[in-house]
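Chains as they are written, first to last, in our numbering: chain A, 1250 to 1861; chain B, 1250 to 1861; chain C, 24 to 361; chain D, 24 to 361.
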Amino acid sequence: MSKKVIELEDVVIKFSGDSGDGMQLTGTQFSDTSALMGNDVATFPDYPAEIRAPQGTVGGVSGFQLHFGHTEVNYPGDYVDVLVAMNPAAIKANVRWVKPGGTIIYDSDSFIEKNIKRAGYIADPVKEDNLDDFNLIKAPISTFTEKTLKDQGLDRKTVMRSKNMFALGIVYWIFQRDLTHTERFFEQKFKKSEKIVAANKRVLKAGYYYAETIHAMPRYRVEAARIEKGRYRNMHGNAATAWGMIAAAEKAGLDLFCGSYPITPATEILQELANRKDLGVKSFQAEDEIAGICTAIGASFAGNLAVTTTSGPGLALKGEAIGLAVITEIPLVIVNVQRGGPSTGLPTKTEQSDLMQALYGRNGESPAVVIAASTPSNCFYYAYMACKIAIEHMTPVILLTDGYLANGSEPWKIVKMDEMPEITIPYASKDDKDYQPYKRDLETMVRTWAIPGTPGLEHRIGGLEKMALTGTVSYIPENHQVMTDERAKKVEFVQKSVPDLKIIGNDDAELLIVGWGGTYGQIVTAHSAMIEKGKNVAYAHFHYINPLPKNAEEILKKFDKIVVCELNMGQFVNYLRMNFPKNHYRQYNKVQGLPFTVVELVNHFETLLEEK
Amino acid sequence: MSKKVIELEDVVIKFSGDSGDGMQLTGTQFSDTSALMGNDVATFPDYPAEIRAPQGTVGGVSGFQLHFGHTEVNYPGDYVDVLVAMNPAAIKANVRWVKPGGTIIYDSDSFIEKNIKRAGYIADPVKEDNLDDFNLIKAPISTFTEKTLKDQGLDRKTVMRSKNMFALGIVYWIFQRDLTHTERFFEQKFKKSEKIVAANKRVLKAGYYYAETIHAMPRYRVEAARIEKGRYRNMHGNAATAWGMIAAAEKAGLDLFCGSYPITPATEILQELANRKDLGVKSFQAEDEIAGICTAIGASFAGNLAVTTTSGPGLALKGEAIGLAVITEIPLVIVNVQRGGPSTGLPTKTEQSDLMQALYGRNGESPAVVIAASTPSNCFYYAYMACKIAIEHMTPVILLTDGYLANGSEPWKIVKMDEMPEITIPYASKDDKDYQPYKRDLETMVRTWAIPGTPGLEHRIGGLEKMALTGTVSYIPENHQVMTDERAKKVEFVQKSVPDLKIIGNDDAELLIVGWGGTYGQIVTAHSAMIEKGKNVAYAHFHYINPLPKNAEEILKKFDKIVVCELNMGQFVNYLRMNFPKNHYRQYNKVQGLPFTVVELVNHFETLLEEK
Amino acid sequence: MSEKIKLTAKDFKSDQEVRWCAGCGDHAVLNVIQRILPDLGVEKENIAFVSGIGCSSRFPYYMDTYGIHGIHGRAAAIASGVKVANRNLSVWEITGDGDSMAIGGNHFIHLVRRNIDINVVLLNNQIYGLTKGQYSPTSKYGQITKTSPFGTIENPFCPGQLTIGSQGKFFARSVDNNMKHMTIVLKEAAAHRGTSIVEVLQNCVIYNDKAHGVITAKATRDDFQIHLVHGEKMIFGKEKNKGLIYDGIDLKVVTIGENGVTEDDIFVHDAHEENPTIHNRLVKMAPPELPVALGVIRAIVAPTYSDNIINQIEAVKENSKIKCMDDLMNSGNTWEVK
Amino acid sequence: MSEKIKLTAKDFKSDQEVRWCAGCGDHAVLNVIQRILPDLGVEKENIAFVSGIGCSSRFPYYMDTYGIHGIHGRAAAIASGVKVANRNLSVWEITGDGDSMAIGGNHFIHLVRRNIDINVVLLNNQIYGLTKGQYSPTSKYGQITKTSPFGTIENPFCPGQLTIGSQGKFFARSVDNNMKHMTIVLKEAAAHRGTSIVEVLQNCVIYNDKAHGVITAKATRDDFQIHLVHGEKMIFGKEKNKGLIYDGIDLKVVTIGENGVTEDDIFVHDAHEENPTIHNRLVKMAPPELPVALGVIRAIVAPTYSDNIINQIEAVKENSKIKCMDDLMNSGNTWEVK
Ligand SMILES: Cc1ncc(C[n+]2csc(CCOP(=O)(O)OP(=O)(O)O)c2C)c(N)n1
Ligand SMILES: Cc1ncc(C[n+]2csc(CCOP(=O)(O)OP(=O)(O)O)c2C)c(N)n1
Ligand code: SF4
Ligand code: SF4
Ligand SMILES: [Mg+2]
Ligand SMILES: [Mg+2]
């Protein structure tokens, strides 16, 4: 039986089910296989809100979305082509995200009254959510899994636990995926039980062959992408951040110290660092965020590359101590993985609303460098750069990522350490007989770093205003002005090494789209869609927020119509208004705990083009 | 012997000496006497930096400056007409602030080598600091005091402690002050020892008559000011803040709860509140700033008028909890007495550099009301208004004062409680069978307040995003947007009751001077000086920062040349750029731990007028 | 209260779905508290539950009383504010080992020191549950968790020792799988005037299953639990034949009937003894040498901050001439400008 | 070190003018520490002083070593970072009763629990000196201060009890007016591997003069101080005829030669006993019933966090195939795109 195979550019799939249904694993298998087959991939897990909701409820739904393609894939997709739903709640939670005419494959065995009610349907999900408008495939996943494993000597719990592999088998067939990667994965993971390995293989294949027999089952081909040659691996945002910092420490020849307190969605950075004792990482799980940053300040003073990692509420707690790092002028990296606020807010959801806090959330005139990563994998690069800037400019650097980047993943071309930019430490000279802790290099305004243990460079630093050069406490009015100016200048001068802002598109575009941080994937896709539609729009994405790139003003000046898109109520646009007040800025904002959708962006840009 | 008496409009005197010399008391006596004699007065103490420096050093100098006049006096003066110096260090520390040709009266007995050296002079202060350019009066204060009290049976320590009264006597003669107030003060203060009362009276008079005998001694008359009729008292900024809050609690019929941690220069507010147990104030000295605000949040939930008081670094620590108050929408007043930053900075000095922190120093979209007092005595009014807004709009309100206002004092016309604006509490109705904690009054977007203890209104609030109306936890994306918008709107709508911005001067002025907060006294004086010089300049001072007054944009629009003056590097001007981006703003900034001087303001404004 | 209808546990259940994992020890605590509240003689509207952040801290949402789900670590401070603002409220703080011993450690020790009349229920699962399994300040030395993949290197706090070290007046302990015992202990805590700390050994089935296993398992619990009751002998064991004696610096297990030990030799529990020497040893006891002490270990009546502050205000009010703001503003040094 | 010139106290004096009030107890502590440092066998460049904010916290500025004057309450956390970053440094934390027991209480108890090898000198003047006289968590109950004009209503912490309640391994106490005693105690603290807490009863002449008056005054000190030395009898008094005995839960004063008491009856101080029962009583002793215990009260050798972390890293390094970032990045699941 041979089917018509449809060629596709790219596809978005979401695996969705109860927390216990193994959807994260299923999704990861699909995404790894696709990457190995040469597709470009982006993935995003969608965990239930912190505490487990009762089984079968919408609150308890766990999902894994992935986007793969034969062209560049920049984000995990907003609307899905294929939804795999293990129970009614998974449909309830996701149906609004299925593309018109998309495919929904669901476990028809789970459509029993209890589950239907728990999901919040009254009686018939198909009717209540107009599921017939989709390509609806009822697959008796549970019973077929059971059948497949009958007489294998497995208990029911183990049997039911493998039903996700039946679903995966179906989807592998649809997209003509190779089963070997997943089979090997079974062999690794269940090393201890051949029986379980065999069972999983069986169920996977059963799903695969089941799909073949179903008439309504579509079949697609997504060709390998034309991506750069080289060795790749999958990179999660938080792991990438952790690795970027370890890499910087290695390059600089310093020990890495991380003082942190767990907080969603930043915790995995600390966890990843705790795992890397083999690379000498000192991870210090502190009693709170304040101790996290203060231990890091101590470690920095003592000569380690010191970092602290957190999310919004934790950053609020660190504000006072960031001020200490600003006035003492020591290297320090503060990673803030933004989440929905204010207060505890939407802790598992993404947002970009900590920008103002990063810039201004502390007392006094207290300038620090602020940069932002824009994709899960480039968290590696920006974490590395955050460390480099912190060390070379003797300053705290705040790196902003967000829940979307932190939890997302994508293939990443492995870098070679000897190709990473050098990191030069502004050590104080050991022979300096008249060492002055606050003497500056006038080109950069950077002071030198004297590490405890070095004879002859003994000195004291602290949070009181200090005399220029000597660093002793000073209440002299004019000196305070001098030091305030110098600290500001030092941060400004980081601009000299900030790469120029690039624009995608033409200088004479009718509309300049501006973004920053983790919205890159959606905006760049929306921008491409606009170009494909023949619209003359340009796109500028900011990674360096303070200082802004040298050419930013010049670029912005070129455009009459500028729209700044961000997942907050307008923080970056206001920052641009402060810095470059001459331009007129429009703004496009959203705070729903979710990334932009490409669709809403495109619609908005089109409307803007029509406006005079 | 009768002297020529010169009439003066206003005079600035500074009493200055070692920490132990009693300069604060001396200054207060002069200022109280002058106020009683009908002058308008403004005073400012100038304490040494936190820890006592060794006696006789510049670091240990304690001063008290006062400005009194027959016209309105708006600030304690920058340059002084008369400097009373009890030792060489007092001269060293203050000579740069004496007006050309001003009078310096000093205790010539203190000019011994030890003191001269300790003050940092090499040999002769008169030469080294060109003191001969001033009207220099060498008074043998110590020996004359000793002589006066010889044979009174007092020990030397007690004798020397009254030498400040000799100095005061001299100055009383110069300005024709009445001695009775101070004499009565002795009787009160030293109730327990008639001997000491007598001794002090003697020395005061000795100083007075000594002055009469000295040829070089000038004599002035400063007529009573034409100030509003009524009963007056002297008001310190921090006490005024405390009283304003007690007054609001009384008016609202609520208990006042203050959860705070001591910090310079805010501590006196807590101290004043701790003293007012007779008015039922519950002052809770917490273990830190976080506990300070969190106890206040608990107290607010429980139905008290809750406040917390702090300064810059403490505000940084409170950021996270302010977010909790924002999202729970409870009344809360946070007083921040600004001081020099960043970090510990210049803790005893004034600055306006916490504005951005007040506006944005917390995670997420977290709008709160921000207002600022502008004189020591109107701290009372703005503290009262902060409470009124917090209660009526169910929102945290941040009141900004600063070290200059906090420590300054001036005569204040006592208000009557029944003339203070009403405070209406948006209580939830006790009979509301379907109480919804987050149901809003659509005019104001304010929810109602249900106080624990009220049967039937039991409900839960918290830091997670909450469902509109019910307030239960909600992760629904659109609801987060709705609630974010509603919280923002609620704060915006406070604007409806914010008084219009007034401008002093003409609408067609060539230059609009803009100020906010504690710089009012200097700027308004500089503005008057400009008007006197025939310059067409106008002045607008902001007390309401978020939201800004309704008419602010309209007013600003009228002027081509606007200069925003503030004691930071441009925080308010940037905020104006964000809010009203169409205007072009100039900025005038200073961070030296000191207020503006009128002289520098006038000079700058004149330069600006010349610019095209 | 006489005319009021007696409430039942159901009256204290809010309309919110309980969202803890199936099998989580938190459920039992919720049930017990909902059951005892009707018996406390406090009206529903006069009860407030306050928590921080953590799985356990979701508690207030499930109670149909007044409640605040605060921010992480700050429950003790928020609760202090509630109680000082209105001492007529029965204030309950529900907190986790992370919430109260890690980020909230300072507020914890200060609350205890001040002796504000609050009932603290500390759900100790020796792990950060909500953030999915990092070690907490009560995790065992060497424990492997997500942030200690090679074992922790930190000595855990013993909440009882920390409480007593902070001048604590009331400390009790119970286990999540003995609702009857929890009932007794929580009622005593509620009745105690002053800060009462109740540590509940709570099982996190997902991230730290059986952390209290030896203590709570059916097979071992009789030998590894001792239920202390004030005024009663410290006897335990399946056969009720084991007892504790105090040798001058520590407690020892003896068997009645062996080596000439009789019941008379067994120590009597005195929860009201001011001197915390024995209490300090009791809170520390742990298997295998010693059983874990459950019950009210220490209960000393002492002035509370929440009463003191009101008493002081009343006393000052009585002696002051200043009765209102108008009085205050016109007091001291004032003058008339005519 | 052999070729190095022996340093003296002067080598540890920085060029900064000491700015404490005349008569402040802090001066004595500074002098003692400057005097003992040359004897510790640590090079000057390997010493770091860390403090928070307070009068006492100005300390690092006066030391010609490496130093950080941190932010209020965070000295313990900053010092922890310094030590964990470089365990070769001799790290000293200088802190006040406000700095370490109020805002810094949490870092204090966690430092103690982790047993990081830091020497903590806690200058306890029972007041906030720098902010001019508000009560602190160690101020006496009922004390009148600027923020307690009618007397405090809070039970003070006893730093020794809090230390032991936090699993503390080393606690010592001294007084600011006995430099000889301070010298001995601080040297022992420096020699101890692990967190050593040394409480110095320090006089704030300006805001809390003679707070420790009965203990330190010449007339009363012999009767109200007992100088404990490990392995020696607990004897004190002007005539050296008083001693302490332990009655099973508490310590009592007896007089040698009275009621048949002989020197043999007097308790021997054992600072090395793991069981903190007696230490807990010793730290609590106070006049008039009992003398204040000075000296090293508790000193237990135990693994330190600062050693453990390095040991764990070394062990993991040895067993891991991943030696550098290139290894890590190429480990696990990777694929080649050709
Ligand atoms: C300021 C801040 N830091 C960190 C967190 C993340 N966080 C939430 S709960 C928690 C620990 C929970 O542990 P515990 O108190 O023991 O409660 P459990 O979940 O075990 O009941 C942490 C670290 C937070 N919400 N806020
Ligand atoms: C965040 C913060 N809160 C408050 C203060 C104000 N403050 C400085 S020192 C101090 C207390 C000092 O007391 P203590 O630690 O006992 O030191 P002492 O001055 O008595 O030596 C306070 C409250 C501050 N500097 N920073
Ligand atoms: S994660 Fe653990 S503590 Fe949290 S609800 Fe589940 S079982 Fe309970
Ligand atoms: S105020 Fe007290 S603690 Fe501070 S320096 Fe003076 S005497 Fe010492
Ligand atoms: Mg826990
Ligand atoms: Mg102190």
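Even for Gly, the Cβ is constructed at its ideal location relative to N, Cα and C.
Excluding the 5 residues flanking L1718 (chain A) on each side, which residues of the same chain have their C-beta closer than 6 Å to its C-beta?
As a first step, residue 1718 (chain A) must be located in the first sequence, where it is residue number 469. Q1685, Y1687 and K1688.
Return the CA-CA distance between I1620 (chain B) and W1661 (chain B), expressed in angstroms with no decimal places.
Locating residue 1620 (chain B) in the second sequence gives position 371, counting from the first residue. Locating residue 1661 (chain B) in the second sequence gives position 412, counting from the first residue. I1620 (chain B) and W1661 (chain B): Cα-Cα distance of roughly 21 Å.
For the pair the segment 1696-1708 of chain A and the segment 79-90 of chain D, tell me if three or more CB-CB distances fall below 8 Å.
Flag = yes, the segment 1696-1708 of chain A and the segment 79-90 of chain D touch.
Would you identify the three-state DSSP class for Y1457 (chain B), choosing helix, strand or coil?
Residue 1457 (chain B) sits at position 208 when you count from the first residue of the second sequence. Residue state, collapsed to three classes: helix.
Once you ignore the five residues that flank E1614 (chain A) on each side, which residues in its own chain have a CB closer than 6 Å to its CB?
Here residue 1614 (chain A) refers to the residue found at position 365 of the first sequence. These residues qualify, in order along the chain: T1733.
Tell me the start and end of each unbroken alpha helix (DSSP H) in the segment 121-177 of chain C that is at least 4 residues and wholly inside, in chain order.
128-137
Tell me whether G1610 (chain A) sits in a helix, a strand or coil according to DSSP, three-state version.
In the first sequence, counting from the first residue as 1, residue 1610 (chain A) sits at position 361. Coil at G1610 (chain A), not helix or strand.
So if I threshold CB-CB distances at 7 Å, which residues from the segment 103-129 of chain C count as touching chain B?
S103, G104, V105, V107, A108, N109, N111, L112 and N129
Taking 7 Å as the cut-off, decide whether the C-beta atoms of A1555 (chain A) and I1518 (chain A) are in contact.
Here residue 1555 (chain A) refers to the residue found at position 306 of the first sequence. Here residue 1518 (chain A) refers to the residue found at position 269 of the first sequence. Contact flag unset, no.
Does the beta-carbon distance from A1342 (chain A) to R42 (chain C) come in below 7 Å?
Position 93 of the first sequence holds residue 1342 (chain A). Position 19 of the third sequence holds residue 42 (chain C). No, the pair does not count as a contact, with Cβ atoms beyond the cut-off.
Would you say the segment 224-244 of chain C touches the segment 53-72 of chain C, given that touching needs at least three Cβ pairs under 8 Å?
no
Any heavy atom of ligand 3 inside 6 Å of the beta-carbon of W1492 (chain B)?
By one-based count along the second sequence, residue 1492 (chain B) stands at place 243. It does not: the Cβ of W1492 (chain B) is nowhere closer than 6 Å to a heavy atom of ligand 3.
For P1591 (chain A), would you say it is in contact with chain B, using Cβ-to-Cβ distances shorter than 7 Å as the test?
Counted from its first residue, the first sequence places residue 1591 (chain A) at position 342. For P1591 (chain A), a Cβ of chain B is located within less than 7 Å of the residue's own Cβ.
If the cut is a Cβ gap below 8 Å, which residues of chain C does R136 (chain D) touch?
Position 113 of the fourth sequence, counted from the first residue, corresponds to residue 136 (chain D). Result: P160, E177, N178, P179 and F180.
On the criterion of 16 or more Cβ atoms from any shown chain inside 10 Å, does T1856 (chain A) qualify as buried, or is it exposed?
Mapped onto the first sequence, residue 1856 (chain A) falls at position 607. With fewer than 16 other Cβ atoms within 10 Å, it is exposed.
Considering only C-alpha positions, which residue in the set D:H130, D:P299 and D:T243 is nearest to F193 (chain D)?
For this step, residue 193 (chain D) is matched to residue 170 along the fourth sequence. Checking every option, the nearest Cα to that of F193 (chain D) belongs to D:P299.
Kindly indicate which three-state DSSP category T357 (chain C) falls into: helix, strand or coil?
Taking the third sequence and counting its residues from 1, the one referred to as residue 357 (chain C) is at position 334. DSSP places T357 (chain C) in strand when its eight states are reduced to three.
Contact between the segment 1289-1296 of chain B and the segment 1327-1340 of chain B is defined here as three or more beta-carbon pairs at a separation below 8 Å; is this criterion met?
no
Give, in chain order, every residue of the segment 1504-1515 of chain B whose Cβ lies closer than 8 Å to some Cβ of chain D.
Y1510, P1511, I1512 and T1513
Using three-state DSSP, classify G93 (chain C) as helix, strand or coil.
By 1-based counting over the third sequence, the position of residue 93 (chain C) is 70. Note: G93 (chain C) maps to coil in three-state DSSP.
Determine which residues of the segment 73-87 of chain D have a Cβ less than 8 Å from any Cβ of chain A, and write them out in chain order.
V73, I76, P83, Y84, M86 and D87
Per DSSP, what kind of secondary structure is A1555 (chain A) in: helix, strand or coil?
Position 306 of the first sequence holds residue 1555 (chain A). Strand, per DSSP.
Would you call the segment 1695-1702 of chain B and the segment 1667-1678 of chain B touching, i.e. three or more CB-CB distances under 8 Å?
yes
Could you tell me the distance, in whole angstroms, from the CA atom of N303 (chain D) to the CA atom of L224 (chain C)?
In the fourth sequence, residue 303 (chain D) corresponds to position 280, counting from 1. In the third sequence, residue 224 (chain C) corresponds to position 201, counting from 1. Roughly 26 Å between the two C-alpha positions.
Per the contact definition of three or more C-beta pairs closer than 8 Å, is the segment 1499-1509 of chain A in contact with the segment 1550-1564 of chain A?
yes
For ligand 5, I want to know if D120 (chain C) counts as a neighbour, meaning its beta carbon is within less than 6 Å of at least one of the ligand's heavy atoms.
As a first step, residue 120 (chain C) must be located in the third sequence, where it is residue number 97. Indeed, a heavy atom of ligand 5 lies less than 6 Å from the Cβ.
Going by the CB atoms, is the gap between M205 (chain D) and T161 (chain D) shorter than 7 Å?
The count along the fourth sequence starts at 1 and reaches residue 161 (chain D) at position 138. The count along the fourth sequence starts at 1 and reaches residue 205 (chain D) at position 182. Against a cut-off of 7 Å, the Cβ pair of M205 (chain D) and T161 (chain D) comes out as no contact.
Would T1721 (chain A) pass as a contact of T154 (chain C) if the rule is Cβ separation under 7 Å?
For the purposes of this step, residue 1721 (chain A) is identified with residue 472 of the first sequence, where counting begins at 1. For the purposes of this step, residue 154 (chain C) is identified with residue 131 of the third sequence, where counting begins at 1. Not closer than 7 Å, so no.
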